[in-house]
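Notes to accompany the following structure.
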Amino acid sequence: MSISSIESFYDNQDQDDEFDPLFEQLKASLHGQSCGHCGKIGAAIPCHGNCGHSFYCSHDCLVFSSSTHRHACLSIRESQTSDTNLWWEDDEDDDDLPLELNLAIDAIVGQLTHKWR
């Protein structure tokens, strides 16, 4: 649902021009994230670590919040990468193979990952 459809619905209602806090809150939430430093709605600048959890309304807010957000951002990114199971780290099927073959596979995968870094 877009903000314009909500506004047009709201405009068509027979309501007086009083301030409606619920409508204002809904409208603000559709306009984007709140700033991680000052709380202003419409923050679009991601943090330097790109954790996806903190956005800022200005470069100043980003700079002011960077020292406090840094540790949380690092924890978020570490948890995101630890949740990702890479195909070559899945050892469940290797139990049926002979030891020599497992060692050869590990050596090849190790060489390939070293070349990609």
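Take our numbering: the last position of the sequence shown gets the number 584, and nothing is skipped along the way. The beta carbon of each residue, even a glycine, is placed where N, CA and C say it ideally should be. Since we're looking at a predicted model, the values are computed, not measured.
Taking the continuous beta strand (DSSP E) assigned at Gly509, which residues delimit it?
Segment Ile508 to Ala510, the beta strand (DSSP E) holding Gly509.
Whole angstroms are fine: how far does the CA of Cys518 sit from the CA of Glu450?
Outside the displayed span of the chain (468 to 584) sits residue 450, for which this structure offers no information.
Would DSSP call Cys502 helix, strand or coil?
Correct three-state label for Cys502: strand.
Would Ser501 pass as a contact of Ile508 if the rule is Cβ separation under 8 Å?
Cβ distance < 8 Å, so Ser501 and Ile508 count as in contact.
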